[in-house]
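Some notes on the structure that comes next.
Number of protein chains: 2
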Amino acid sequence: MLSKKTKYGLKALTYIARSEEDAPVQVSAIAKNENIPQKFLESILLTLRKAGILGSKKGKHGGYYLRYEPSEIKMTDVMRVLEGPIAMVPCVSLNYYEKCDDCPDEHKCSVHKLMVEVRDSTLKVLRNTSLADLSNIDL
Amino acid sequence: MLSKKTKYGLKALTYIARSEEDAPVQVSAIAKNENIPQKFLESILLTLRKAGILGSKKGKHGGYYLRYEPSEIKMTDVMRVLEGPIAMVPCVSLNYYEKCDDCPDEHKCSVHKLMVEVRDSTLKVLRNTSLADLSNIDL
DNA sequence: TATTAATCCTATCAATTTAGTAGGGATTAC
DNA sequence: GTAATCCCTACTAAATTGATAGGATTAATA
Numbered sequence: 001m002l003s004k005k006t007k008y009g010l011k012a013l014t015y016i017a018r019s020e021e022d023a024p025v026q027v028s029a030i031a032k033n034e035n036i037p038q039k040f041l042e043s044i045l046l047t048l049r050k051a052g053i054l055g056s057k058k059g060k061h062g063g064y065y066l067r068y069e070p071s072e073i074k075m076t077d078v079m080r081v082l083e084g085p086i087a088m089v090p091c092v093s094l095n096y097y098e099k100c101d102d103c104p105d106e107h108k109c110s111v112h113k114l115m116v117e118v119r120d121s122t123l124k125v126l127r128n129t130s131l132a133d134l135s136n137i138d139l
Numbered sequence: 001m002l003s004k005k006t007k008y009g010l011k012a013l014t015y016i017a018r019s020e021e022d023a024p025v026q027v028s029a030i031a032k033n034e035n036i037p038q039k040f041l042e043s044i045l046l047t048l049r050k051a052g053i054l055g056s057k058k059g060k061h062g063g064y065y066l067r068y069e070p071s072e073i074k075m076t077d078v079m080r081v082l083e084g085p086i087a088m089v090p091c092v093s094l095n096y097y098e099k100c101d102d103c104p105d106e107h108k109c110s111v112h113k114l115m116v117e118v119r120d121s122t123l124k125v126l127r128n129t130s131l132a133d134l135s136n137i138d139l
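For the record, the sequence lines run as chains A and B. Each residue of the first sequence is one higher than the one before, counting from 1 in full-length UniProt numbering. Each residue of the second sequence is one higher than the one before, counting from 1 in full-length UniProt numbering.
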C-alpha cells in the first residue's frame, strides 16, 4: 500500500507544479484544494524541502516552490524520500542493501529472484516518469 | 515492504515445488530448512490451502502438496493471496477497486496516473512468472 | 514597531498492522 | 492406542501510520 504521506506529497507536488506563477504556494492553499489535513501536509512538505526537492520562503507571503523544473524531478527521487526504498525487500535494494538473517545464499533465494524483477520493472517506470508527466492535464 | 508472511509463503512454495516426491511435505521440514517460525508458517500454509493453491493431508505422514503444476501457479495469484491487492492504491486495483474519499476526479489525479503505470508493470512481471521459474536452481 | 501570516519544530497519541506465541482439537498411520 | 500431523482460535508485543497540539521563528506591511 502507498502511504497517505506519499499520496499527499505527490498531490502537493503536482499542485505546486501546476500553479507556477513565480510566487510560492502556501500549505493552506494546497491542503484546502487537495483535501489534505493541513498539519500533516506541513510535515510532508518539510520532508520534501529537507530532501532538496522543494524550497521554501518563510513569513508573510511565504510558501513552497520547486527547486527544479518539473521535468527534472524524477519519481524515483520523490518515492525514495516519501515512501522509502523502491525495493520490496532490503536484500534487493540498490541504495539500502541489507542481508536477510534467514537465507544463507541470496543467489539461490527464490524470493530474491522475483523481487529483483519487480524492482527493475518498477524502477523503469519511476525513472521514466517526472513531475511534468504527472502535472500535464491533457490525457 | 514485502511482509514476512509473503516472503515465508514464497519460500515454502518453492521448497515444496523442489521436493516433489509424491509425498506431502511437512510444515516442520519447511520451517527447519528455511528458518521460518513453525507456528507462523502453519498459519501461512493454511491460508494457501484455503486459497486453493496447496492441498493437505492430515495425520501421520501428512503434509502439504501443490494442487497444480509449478508452471501453472502464477505469482499474481500467490501475491494476491498473501500480500493482498497488487495495486498500491485501491482506486487502481483491478480486483478490489475502491474510490478515494479525497480526489473528486480520478482521471485528473496525478497519483492515480502514476499508480496505474506501476501496477501494470508489476502485473506484467508477476503474470509472466510462475512457481516453476522461482524453483529452478539453474541461473 | 506591532501585527499578521507564514514556515518550522517537537512531542504526543489512537488505531492498525505485523509477526509472532500459546494451547489445544481433529485426523490419520501404524 | 499412540504418535505425528494438520487445523483452529485467541492472544500479544512491537512497530508503523496518520494524524493532532502547541508553540517558536521569520518576514512583509500598515
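The beta carbon of each residue, even a glycine, is placed where N, CA and C say it ideally should be. It should be emphasised that the depicted structure is a prediction, and the values quoted were computed from it without experimental measurement.
Residue interval of the beta strand (DSSP E) (run including residue i)
{"i": "L66 of chain B", "result": "G63 to L66"}
Neighbour-count burial assignment, residue i, 16 or more Cβ in a 10 Å radius
{"i": "M1 of chain B", "result": "exposed"}
{"i": "Y113 of chain A", "result": "Checking the displayed sequence, the identity of residue 113 of chain A turns out to be Lys instead of Tyr. Its Cβ being crowded by 16 or more others within 10 Å, K113 of chain A is buried."}
{"i": "L139 of chain B", "result": "Bear in mind that a pLDDT of 49 at L139 of chain B, under 50, signals an unreliable position, so the number given afterwards is only what the model happens to contain. With fewer than 16 other Cβ atoms within 10 Å, it is exposed."}
{"i": "A31 of chain B", "result": "buried"}
{"i": "P37 of chain B", "result": "exposed"}
{"i": "S71 of chain B", "result": "exposed"}
{"i": "E20 of chain B", "result": "exposed"}
{"i": "A12 of chain B", "result": "buried"}
{"i": "L94 of chain B", "result": "exposed"}
{"i": "R119 of chain A", "result": "buried"}
{"i": "L134 of chain B", "result": "buried"}
{"i": "S3 of chain B", "result": "exposed"}
{"i": "S28 of chain A", "result": "exposed"}
Coarse secondary structure for residue i, derived from DSSP in three states
{"i": "V25 of chain A", "result": "strand"}
{"i": "E135 of chain A", "result": "In the sequence as presented, Glu is not what sits at residue 135 of chain A; that position holds Ser. In the structure shown, S135 of chain A sits in a helix (DSSP, three-state: H, G or I)."}
{"i": "G52 of chain B", "result": "coil"}
{"i": "S121 of chain A", "result": "helix"}
{"i": "K58 of chain A", "result": "coil"}
{"i": "N128 of chain B", "result": "coil"}
{"i": "M115 of chain A", "result": "helix"}
{"i": "V89 of chain B", "result": "coil"}
{"i": "residue 142 of chain B", "result": "Given a span of 1 to 139 for chain B in the structure shown, any question on residue 142 of chain B remains unanswerable."}
{"i": "E42 of chain A", "result": "helix"}
{"i": "E69 of chain A", "result": "coil"}
{"i": "I36 of chain B", "result": "coil"}
Supposed contact pair residue j and residue i - C-beta distance, whole angstroms, cut 8 Å
{"i": "L123 of chain B", "j": "V78 of chain B", "result": "With 8 Å as the limit, L123 of chain B and V78 of chain B do not qualify as a contact, their Cβ atoms being about 13 Å apart."}
{"i": "E117 of chain A", "j": "T129 of chain B", "result": "7 Å"}
{"i": "L41 of chain B", "j": "Y8 of chain B", "result": "6 Å"}
{"i": "Q26 of chain B", "j": "G59 of chain B", "result": "Not confirmed; about 11 Å, so no contact."}
{"i": "L66 of chain B", "j": "A17 of chain B", "result": "6 Å"}
{"i": "S110 of chain B", "j": "S121 of chain A", "result": "Not quite, the Cβ-Cβ distance comes to about 21 Å (not below 8 Å), so this is no contact."}
Extent of the continuous alpha helix (DSSP H) to which residue i belongs
{"i": "Y15 of chain B", "result": "K4 to R18"}
{"i": "L82 of chain A", "result": "M75 to L82"}
Beta-carbon gap between residue i and residue j smaller than 8 Å
{"i": "I53 of chain B", "j": "I73 of chain B", "result": "yes"}
{"i": "L126 of chain B", "j": "T76 of chain B", "result": "yes"}
{"i": "K5 of chain A", "j": "I44 of chain A", "result": "yes"}
{"i": "D102 of chain B", "j": "N35 of chain A", "result": "yes"}
{"i": "P24 of chain B", "j": "K57 of chain B", "result": "yes"}
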